[in-house]
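In my numbering, the protein residues as written are 175 to 415.
Ideal Cβ positions, reconstructed from N, Cα and C, are used throughout, including at glycine.
Remarks on the structure that follows.
Here's what the structure looks like:
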């Protein structure tokens, strides 16, 4: 994905690097969604015109209703729907603002700010960007489609420690119900999170909120193909024997 990287000055005069989708990339996203929406609207019109010619076909009534819509309206409605989806996709893109003092990550209208002193290391885990604290817990884990090389360079230029991989990767264990060694209450949260992951339409908000609840108990969780893997960190509560 194309990416912009620009240098600015923060209100305090610090050098500020902003990483996000480029303007050209955003235009391409909107164009693709609008074009796809218009094409889908046109195909729906053609399908409806064909269905009304077939006797006894199910959904004959809805097909006649769609076929009665003036020809330009369906592609136009599809274009509007595509533009809306493009705006949603743009809203969900991660934007990173880095200075020598702090890092601000914004996605889905939610901004998270971390002082550089609080960040022990930064790394890319699959398609996710992870910031680790000095207690080995995760400060944040965000979906990130930005070019990993430029992201790594930007963090390094501002004095953050960039790791090529998760330094605690070997500590993770696969979660199964009633796993021993977890802090009290963690198994219940992991069970609820597993149910959300396995649902037909998993809620990203539920998955994220349960991850944050687990972090409060001192548990880091990562996902692989809807399977959960966990490890504890130094702020972990008392384990269940």
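Tell me the rounded alpha-carbon separation between residue i and residue j.
i	j	result
residue 308	residue 290	11 angstroms
residue 248	residue 212	7 angstroms
residue 271	residue 283	14 angstroms
residue 379	residue 386	11 angstroms
residue 315	residue 394	10 angstroms
residue 364	residue 273	35 angstroms
residue 246	residue 229	26 angstroms
residue 382	residue 302	13 angstroms
residue 370	residue 214	31 angstroms
residue 189	residue 324	17 angstroms
residue 384	residue 281	18 angstroms
residue 191	residue 332	9 angstroms
residue 293	residue 304	10 angstroms
residue 288	residue 322	20 angstroms
Can you tell me whether residue i is buried or exposed? The criterion is at least 16 other CB atoms within 10 Å of its CB, across all chains shown.
i	result
residue 399	exposed
residue 373	exposed
residue 235	exposed
residue 227	exposed
residue 187	Reliability fails at residue 187, whose pLDDT of 48 lies under 50, so the model's placement of it is uncertain and the value that follows must be treated cautiously. Label assigned to residue 187: exposed.
residue 320	buried
residue 401	exposed
residue 344	exposed
residue 390	exposed
residue 340	buried
residue 306	buried
residue 220	exposed
Using only alpha-carbon positions, find the residue among the options that is nearest to residue i.
i	options	result
residue 275	221, 330 and 322	330
residue 354	228, 190 and 405	405
residue 350	216, 362 and 278	362
residue 269	407, 386, 193 and 373	193
residue 206	254, 247 and 227	254
residue 300	407, 324, 370 and 317	317
residue 277	243, 214 and 334	334
Skipping 5 residues on each side, what residues in its chain have a beta carbon closer than 8 angstroms to that of residue i?
i	result
residue 216	248, 249 and 252
residue 336	295, 296, 297, 326, 329 and 330
residue 338	297
Counting only the same chain and skipping the five closest in sequence on each side, list residues whose C-beta sits under 6 angstroms from that of residue i.
i	result
residue 403	346, 348 and 396
residue 286	279 and 314
Within its chain, find whatever has a CB closer than 7 angstroms to the CB of residue i; leave out the 5 residues flanking it on each side and keep chain order.
i	result
residue 352	361
residue 407	309, 310, 311, 392 and 394
residue 368	402
residue 342	310 and 405
residue 366	384
When every heavy atom of the ligand MN is checked, does at least one fall within less than 8 angstroms of the C-beta of residue i?
i	result
residue 247	Of the ligands one can find in the structure shown there are none, so the ligand MN has no counterpart to examine.
At which residue ranges does the stretch 254-311 contain complete alpha helix (DSSP H) runs of 4 or more residues, listed in the order of the chain? none
Residue ranges of each alpha helix (DSSP H) run of no fewer than 4 residues wholly in the stretch 340-407, ordered along the chain? 360-372 and 378-390
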